[in-house]
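Quick mapping for you: the protein sequence lines, in order, are chains A and B. Mapping of the first sequence onto numbering that gives the first Met the number 0: position 437 corresponds to residue 436, and the numbering continues sequentially without gaps. Mapping of the second sequence onto numbering that gives the first Met the number 0: position 463 corresponds to residue 462, and the numbering continues sequentially without gaps. See structure below.
2 protein chains.
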Amino acid sequence: MFGRNAVLLLMAILETTLSIPASKLTSHNTDIDSQIKAYENVSQKIINFVTKGEGKHQTFNRLAAMTDKFGNRLVGSETLENVIDYMLDQFKADGLENVHAEQVSNIAHWVRGKESATLLKPRHYEMSMLGLGGSIGTSAEGITAEVLVVHSFDELHARAAEAKGKIVVFDQAYVSYGVTVAYRDYGAYEASKVGGVASLIRSIAPFSINSPHTGWQDYKNGTVKVPTACITIEDAEMLSRMAARGDRIVIHLYMEAQNLPRATSRNTVAEIVGTTNPEQVVLVSGHLDSWDVGQGAMDDGGGAFISWQVLSIMRQLKLRAKRTVRAVLWTGEEVGLTGSRQYYNTHKVNISKYDMVMESDIGTFKPNGLKFTGNDEAFAIVEKIMQLLKPINASTLYHTADGGDISFWIKNGVPGGSLSNDNAEYFYFHHSNGDTITVENPDDLDLCAALWAVVAYVVADMDEMLPR
Amino acid sequence: MFGRNAVLLLMAILETTLSIPASKLTSHNTDIDSQIKAYENVSQKIINFVTKGEGKHQTFNRLAAMTDKFGNRLVGSETLENVIDYMLDQFKADGLENVHAEQVSNIAHWVRGKESATLLKPRHYEMSMLGLGGSIGTSAEGITAEVLVVHSFDELHARAAEAKGKIVVFDQAYVSYGVTVAYRDYGAYEASKVGGVASLIRSIAPFSINSPHTGWQDYKNGTVKVPTACITIEDAEMLSRMAARGDRIVIHLYMEAQNLPRATSRNTVAEIVGTTNPEQVVLVSGHLDSWDVGQGAMDDGGGAFISWQVLSIMRQLKLRAKRTVRAVLWTGEEVGLTGSRQYYNTHKVNISKYDMVMESDIGTFKPNGLKFTGNDEAFAIVEKIMQLLKPINASTLYHTADGGDISFWIKNGVPGGSLSNDNAEYFYFHHSNGDTITVENPDDLDLCAALWAVVAYVVADMDEMLPR
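In structure tokens:
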């Protein structure tokens, strides 16, 4: 009964029914198993604290207090610097350790100003729009031009002869953010290459209530910079239908957008210092800067505040790990990962002491697990740690962390984790006026904070750093 | 075996498994059964025509052409009158019969003008808002006042002493449109009664991407009229949190809204005249006027255009019923059913000739059946007719038509039907800038048109009018 075949069968059943990858079953390590088992009590204590103890709804309430008080926080703005001061005060008041800011310089500083896109022909209509980050403005008179509607870069290339002097409208289908964002990134560049005088892209979103979605865009070297903005899915589709009917379409685009002299800002840092190996670090993070629309509650208030909550829970539960747990709230993420890149360059000399780097920047909806980048041995260990999150049904370890602000460390071998959550609606709100605290669910934020805290604390407290 | 108990058992099984109400089983009428069975071929022909024949996507393309060309159509506007002229031309070009307009007078004529709601304290923030239909404007200086946030009329009454001189903000929970719309209807009236100087209501919607939802509101006699507008769910919740924290909230409200002299407009009418009983009528309808935001594609472009499509399908398929099928596109629905009320008063002298009245005004998403008001005998007959729509899974007959524009006839005994459809997201877009043709699905519109046409044609062609 318990011969080799039975064990293989049992393994197959376990794999099928529990979805436990083979890696777990092949990397048995009794010492690690028992170490992790010993965290069951503290893990449950963390979960209880945020789901029914004094920590309940703390993350939501703190995040709502910040976003209600300040609103959005574009890097370069006085508001972001006020928020950083506010966070430093909050961290100190919360009893965190080594609370400080680290200067970040040479950050892209873009401001929107007034802007409008008015359909003049075939009928008069004020379109809902948002200039894209980094775009130049128009002249004071704006640009009035005929429109060429295309649905892909390929179509633009094929119809290049028609583009000269026109405003190029991209009505590209939404495939996924990762794929379709190319039209936001390079729409202006591609339009300019074929003689277009401006570009308007269909917002990078799967759903819309007439909502434009802004975001950074890149002019590549060697082309004339032209103004660029996003319009709504609805209006892009309308322009597309008008073009298909042969209507002559004329738009007046006006944008006061400016790229100002490079700005300085700060990464915001706090710790719970380790007991036996304080120089070794588990880093949890999210970014504090946001776009200049909505409230930046989702992108990335949620990620920043669950990272604060990791330290806050440890302080409130009097938990101190062997290693230091450090929260860093990045600045300048939205304009090109500037804060996190400079942090890496400053601190990479200590890269061997970075046990694991974590960021949440793709939603703090109901959590379902962790996305992880690291070697097989590290994966197997973290997968066991994730079993501690079974009580909240968030115990799955997926392959490949998101990257973003922590990509610099991950590329250089540090194990990295990002929050996995039920974020199917994330891009409904992303970079739009819909990114507000209303999107965040207090109970889900508690679960995210619990997952984030359990992973960070246990990794920081185990006998050994994760293998790399 | 086939005794009384067995028959009762069989009936119980049929009721359980096929959901056929007992009314069907108790009103056996072989003549009606065979009459309806004879429509299977024509019904399938209609379905084939719109789902894979020349009629495919005709409704969507016609609706998109109209909304793209004209946009929204508030009653009293030149645009609505231009659209009515356009529809008359379209009806004639489509070969419909007795195409004409019928004048409607004494219609509320409200215009929005510029408007804004600016949060001044605790921080400066431009709120997304829409004035409510019928609201007066503010003075040229606007209203700057402290805010009282309440969550219900009961709370307002309990805190009446705090309301004097304040802008009353209603952050009521969304229960259902029918229940919660009371806050839009009477928010200003209730605020004024307790000395409020304006009211702002949380938009009547279950979901938001920072989207305000306008709509008509009623000042009751005997109270001072105060300006009133809607704000977004997000901002209502934010103001509510600020109030709970004890923040002093100050808002500046500016509205140029005006109630102009009463307007005239037109109901738009066309027919396919009956063969043997042309004076008897099956009426299909939707309203052509819309709010002055979005494009009125859903509310109620869809309902109006599937009603046109009933006649258009009959003309294209050379179908002519015994009775006349008449399409009426109402005017002035959004400001109080004005067009349909006057139509009733003009035509009620012939009420005995109205076989059935139908309206679609609650979405043209995927259809699932018909909602019906009529006596049991009529219900049983229409229920059998609905079986013709089994091929498109839209064969359920539900109790109680929606009312609205056809309520005048229904209240006076005429059988009434309204389209039942999978409209769970209807109030995401309703009365907002999100009401555009993007909401409409071409295939679903085809199915709606098929259902609408089969019901109208068969009812109009049966030997007898529906019993009442």
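By construction, the Cβ of each residue, glycine as well, lies at the ideal position given by its N, Cα and C atoms.
Alpha helix (DSSP H) segment containing residue i, residue limits
i: P441 (chain A); result: 441-460
i: M86 (chain A); result: 77-92
i: A64 (chain A); result: 57-69
i: N47 (chain B); result: 39-50
i: V309 (chain A); result: 301-315
i: K410 (chain B); result: 406-410
i: T29 (chain B); result: 29-36
i: F428 (chain B); result: 425-428
Within chain B, the residues that residue i reaches when beta carbons sit closer than 7 Å
i: M237 (chain A); result: D67
i: M241 (chain A); result: D67
i: A262 (chain A); result: Near A262 (chain A) there are no residues of chain B at all, since even the closest Cβ is about 22 Å away, more than 7 Å.
Residue i: contacting residues in chain A (beta-carbon distance under 9 Å)
i: R122 (chain B); result: D67, K68, F69, G70
Residues bridged to residue i [DSSP beta-bridge criterion]
i: Y343 (chain B); result: For Y343 (chain B), which the question treats as bridged, DSSP gives no partner whatsoever.
i: R322 (chain A); result: A:N276
i: F371 (chain B); result: B:H398, B:G416
i: S284 (chain A); result: A:V327, A:E358
i: T143 (chain A); result: A:H251
i: P366 (chain A); result: A:N420
i: L129 (chain A); result: A:C229
Residues that residue i contacts on chain B, provided the C-beta gap is smaller than 8 Å
i: I232 (chain A); result: T437
i: Y38 (chain A); result: Simply none; closest approach about 36 Å.
Residue i - containing beta strand (DSSP E), residue span
i: S115 (chain B); result: 114-120
i: D354 (chain A); result: 353-358
i: Y124 (chain A); result: 124-126
i: R201 (chain B); result: 197-201
i: A107 (chain B); result: 96-110
Under 9 Å from the C-beta of residue i: neighbouring residues of chain B
i: S469 (chain A); result: Absent from the structure is residue 469 (chain A), since the part of chain A shown begins at 0 and ends at 467.
Interface residues of chain A facing residue i [CB-CB closer than 7 Å]
i: A377 (chain B); result: By Cβ distance, chain A contributes nothing, its closest Cβ being about 40 Å from A377 (chain B), past 7 Å.
i: A481 (chain B); result: In the structure as shown, chain B begins at 0 and stops at 467. Residue 481 (chain B) is therefore absent and cannot be evaluated.
Counted within 10 angstroms of its Cβ, other Cβ atoms place residue i as buried (16 or more) or exposed
i: Q308 (chain B); result: buried
i: Q341 (chain B); result: buried
i: L259 (chain A); result: exposed
i: G331 (chain B); result: buried
i: Q57 (chain A); result: buried
i: G94 (chain A); result: exposed
i: V348 (chain B); result: exposed
i: H27 (chain A); result: Confidence at H27 (chain A) is low in this model, with a pLDDT of 49, below 50, so its placement is unreliable and no value can be given for it.
i: D234 (chain A); result: buried
i: T345 (chain B); result: exposed
i: T275 (chain B); result: exposed
i: Q257 (chain B); result: exposed
i: T363 (chain A); result: buried
i: N40 (chain B); result: exposed
i: N105 (chain B); result: exposed
i: S22 (chain A); result: Unreliable positioning characterises S22 (chain A) in this predicted model, as indicated by a pLDDT of 47, which lies under 50. A coordinate reading is not provided.
Chain-ordered neighbours of residue i on chain A, where CB pairs are closer than 8 Å
i: Y427 (chain B); result: I208
Task: Any alpha helix (DSSP H) of 4 or more consecutive residues that is wholly inside the region 214-281 of chain B - done: Runs of the alpha helix (DSSP H) inside the region 214-281 of chain B: 232-243.
Task: Length at least 4, wholly inside the region 146-180 of chain A: the alpha helix (DSSP H) runs in chain order - done: For the region 146-180 of chain A, the full-length alpha helix (DSSP H) segments reaching 4 residues or more read 152-157, 176-179 along the chain.
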